[in-house]
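Engineer: For reference, the structure I am asking about is given below.
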Amino acid sequence: DELNAVIGLLLVGVLTDLTFPTLMRWAVDDGVGAGSMETLWWIAGGGLVVVAVSWAAATALIVLTSRTGERLLYGLRLRSYAHLQRLSMNYYETNLSGRIMTRMTTDIDTLSSFLQTGLAQSIVSVGTLVGVIGMLAWTDAGLSLVAVAAIPLIVAATLIFRRISSRLYTRAREQVSSVNAAFQENINGLRTAQMHGRTPVALEEFRAESEQYRRLRVRAQAAVAVYFPGVNAVSQITTALVLGVGATRVADGELTAGVLVAFVMYLAQLYGPIQQLGQIFDSWQQATVGFRRITDLLAERPTVTDTGRLSPADTADAARGTLALENVSFAYSPGGQLVAAGLNVAIAPGSTVALVGTTGAGKSTVVKLLARFYDPVEGRVTAGGTDIREFPLTPWRRSIAQVPQEAHLFIGTVAENISYGLPGATEHDIEEAVRRIGALDIIAGIPGGFRHSVGERGRGLSSGQRQLIALARAELLRPDVMLLDEATATLDPATEAAVLDASDRITRGRTSVVVAHRLATAARADRILVIDGGRIIEDGSHP
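With the sequence shown counted from 1, adding 1280 to any position gets you our numbering.
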């Protein structure tokens, strides 16, 4: 229905535009030429009606196209965001967040602008162009041949402009992604840059990226500056030729003044749509680049596929069984260097296993494979003897909890961060989870306690407080498996003791895998695995 209404309104707009020059023709020939005031009043009244209808149609058209365009973009924005949520971790490790943000903001906004204004205007311009050419031929066939002679020249100029501008717009859109990425990277690392006196270097890097973007945009606008004034010059020269030929024919009595006036008005409408189409083409080029980048995003496929068909109950039962890596090899990128090779290990239910080794040895890789953020290149990861790829992702990750070394806290209260994985948790549930890990005194020491407002990325809280909140968030879920990346290296002794105690409590009675950076953590485990070069070189317990 909306589509039919839009088409109808477009036709009304085109017809009103085509009607006005004919009214002027009648006014000059039948009103002024015949000296009839009555005819002029009737034509003036008809002109007012035409203007009123044109205004009403244009207003309704803008409302309809805007509503339809916004609805389409709303769906596209949600689809893009949902798709980003489904993509695997390797996508985010190989694409800068600033580039991803550009696709969700700048590219979609550019597409929005074209859908809301350019699309309807292009239909109007094409319809007007066809209608005007027809009216020119009907008004005076001889003059119409002079008028349309410039169209091939304008079409050729448009095709050349299209090739040049398309290339420049594509490069500019890619470059603005680099500008956004550089900006976000520098803002995220601002504290480090200030500490090391690198802010001038960061500024210079950002200036270089911005300067490259400026140059590309200036080059694109240079093409615009040549094209649009050129088209305008051609249209004015053609109009002058038509006026010269037409005036000669009027003087010879072969043509009435009204016909010439109407013809010149139609001529203005002929070149107006051509110029509008050129301007719309400018917007379309940018929208096409944005749309292509969005479709490229939607074409990305997750490397970890959610194809498991076992029930949540079976998944939970398996998580309470033996976890095992069976002849597992893994690389972070297809064809990349292996960071784990031939890993074989079985983790008994209810036991705590500590992973130790140098940086880059492959400790975190084991945790990521168990959480199924990645799938192995060879071999398989099993739970209760079943490949974890047989489990749906949501139930599997509901059965395990991971606390990374730098836990992410969201903007909100302490209580909201603890209940993030269980939004329906009551205040009693939250308090009990904190009590179970022995951190009530630490949380009570935060001004405002559970109602304390957490800043972006946990600003306003110490490292120990952030880690305890993350541990409480995991404990609230009562998972069957705990995956911990111990992060006590930067904590004072008292806070370190509290975090280690909370870690002991949260792993008690559960199958747990702990990435240990300190001997004190490894000593508390039932079993210690020493990893080096993606292989287990020692397996035992603390003496």
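Built from N, CA and C at the ideal position, the CB exists for glycine as well. Quick caveat: nothing in here was measured; it's all calculated off a predicted structure.
Enumerate in chain order the residues of its own chain whose CB-to-CB distance from Thr1662 is below 7 Å, with the five nearest sequence positions on each side excluded.
Structural biologist: Taken in chain order, the residues that qualify are Ala1604, Glu1606, Ile1668.
Engineer: Since Leu1353 is in the beta strand (DSSP E), which residue starts that stretch and which ends it?
Structural biologist: From DSSP, Leu1353 is part of no beta strand (DSSP E) but of the alpha helix (DSSP H) over 1317 to 1366.
Engineer: Of all the options Arg1804, Asp1781, Val1810, Leu1763, which has the alpha carbon lying nearest to the alpha carbon of Val1794?
Structural biologist: Closest option to Val1794, Cα to Cα, is Leu1763.
Engineer: Roughly how far, in whole angstroms, is the beta-carbon of Val1426 from the beta-carbon of Leu1521, given that I think they are within contact range, below 8 Å?
Structural biologist: With 8 Å as the limit, Val1426 and Leu1521 qualify as a contact, their Cβ atoms being about 6 Å apart.
Engineer: By alpha-carbon positions, which one of Met1415, Arg1453, Thr1479, Leu1590 ends up nearest to Gly1570?
Structural biologist: The shortest C-alpha separation from Gly1570 is found at Arg1453.
Engineer: Quick one: is Arg1746 buried, meaning 16 or more other Cβ sit within 10 Å of its Cβ, or exposed?
Structural biologist: The residue in question, Arg1746, is buried, as its Cβ has 16 or more Cβ neighbours within 10 Å.
Engineer: Let me know the secondary structure DSSP gives Gly1640 once reduced to three states.
Structural biologist: Note: Gly1640 maps to coil in three-state DSSP.
Engineer: What is the residue span of the alpha helix (DSSP H) that Met1384 lies within?
Structural biologist: Run containing Met1384: none; DSSP gives neither H nor E here.
Engineer: Which partner residues does Leu1618 have in the DSSP bridge list?
Structural biologist: Answer by DSSP bridge pairing, in chain order: Ala1611.
Engineer: Mind pulling the alpha helix (DSSP H) runs of 4 or more residues that sit fully within the segment 1414 to 1457?
Structural biologist: If we require 4 residues or more, the alpha helix (DSSP H) runs fully inside the segment 1414 to 1457 come out as 1421 to 1428.
Engineer: Between Ala1461, Leu1650, Ile1691, which has its C-alpha nearest Phe1671's C-alpha?
Structural biologist: Residue Leu1650 is the option with its Cα nearest to Phe1671.
Engineer: Using the Cα positions of Leu1799 and Pro1614, report the straight-line distance between them to the nearest angstrom.
Structural biologist: Cα to Cα, the separation comes out at about 35 Å.
Engineer: Taking contact to mean 3 or more Cβ pairs, one atom from each stretch, closer than 8 Å, check whether the segment 1679 to 1688 and the segment 1715 to 1735 are in contact.
Structural biologist: Not touching, per the Cβ criterion.
Engineer: Note down, in chain order, each residue of its chain lying with its Cβ closer than 6 Å to the Cβ of Ser1699, except the 5 sequence neighbours on either side.
Structural biologist: If we look at Ser1699 and ignore the five residues flanking it on each side, its Cβ neighbours are Ala1705, Ile1710.
Engineer: Identify whether Thr1299 lies in helix, strand or coil by the three-state DSSP scheme.
Structural biologist: Three-state DSSP puts Thr1299 in a helix.
Engineer: How long is the line joining the alpha carbons of Gly1414 and Val1428, rounded to whole angstroms?
Structural biologist: Between Gly1414 and Val1428, the C-alpha separation is close to 11 Å.
Engineer: Using three-state DSSP, classify Gly1524 as helix, strand or coil.
Structural biologist: Residue state, collapsed to three classes: helix.
Engineer: Taking the alpha carbon of Asp1819 as the point to measure from, which residue in Gln1565, Thr1518, Leu1623 has its own alpha carbon closest?
Structural biologist: Among Gln1565, Thr1518, Leu1623, the Cα nearest to that of Asp1819 belongs to Leu1623.
Engineer: If you compare alpha carbons, which of Arg1366, Pro1301, Thr1645, Thr1787 is closest to Glu1580?
Structural biologist: Answer by Cα proximity: Arg1366.
Engineer: By the DSSP assignment, the beta strand (DSSP E) with Val1810 in it spans what residues?
Structural biologist: From DSSP, the beta strand (DSSP E) with Val1810 extends over 1807 to 1812.
Engineer: Am I right that Val1514 and Ile1434 are in contact with their C-beta atoms under 8 Å? What's the rounded C-beta distance?
Structural biologist: Indeed they touch by this definition, with Cβ atoms about 6 Å apart.
Engineer: Pop quiz: Leu1448 and Arg1499 are said to be a contact at Cβ under 8 Å. What is the actual Cβ separation, rounded to whole angstroms?
Structural biologist: Contact flag correct, Cβ pair sits at about 6 Å.
Engineer: In this structure, how does DSSP classify Asp1765 when only helix, strand and coil are distinguished?
Structural biologist: In this structure, Asp1765 counts as strand in the three-state DSSP scheme.
Engineer: Does the segment 1622 to 1638 touch the segment 1573 to 1591, meaning 3 or more C-beta pairs lie closer than 8 Å?
Structural biologist: Because the criterion of three Cβ pairs below 8 Å is not met, the segment 1573 to 1591 and the segment 1622 to 1638 do not touch.
Engineer: DSSP three-state label for Asp1655, please.
Structural biologist: Looking at Asp1655 - three-state DSSP - the assignment turns out to be coil, as it is neither helix nor strand.
Engineer: Within 8 Å, do at least three Cβ pairs link the segment 1434 to 1445 to the segment 1525 to 1536?
Structural biologist: As far as the Cβ criterion goes, the segment 1525 to 1536 does not touch the segment 1434 to 1445, which means the pair count is below three.
Engineer: Under a three-way DSSP split, which group does Ser1631 fall into?
Structural biologist: If DSSP states are grouped into helix, strand and coil, Ser1631 belongs with coil.
Engineer: Flag this pair as touching only if the segment 1590 to 1597 and the segment 1464 to 1471 have three or more C-beta atom pairs under 8 Å; answer yes or no.
Structural biologist: Not touching, per the Cβ criterion.
Engineer: Around the Cβ of Ala1505, are there at least 16 other Cβ atoms within 10 angstroms (buried) or fewer (exposed)?
Structural biologist: Answer is exposed; the Cβ neighbour count stays below 16.
Engineer: How about Gly1718 and Ala1782: are their beta carbons less than 7 Å apart?
Structural biologist: Yes. Within cutoff.
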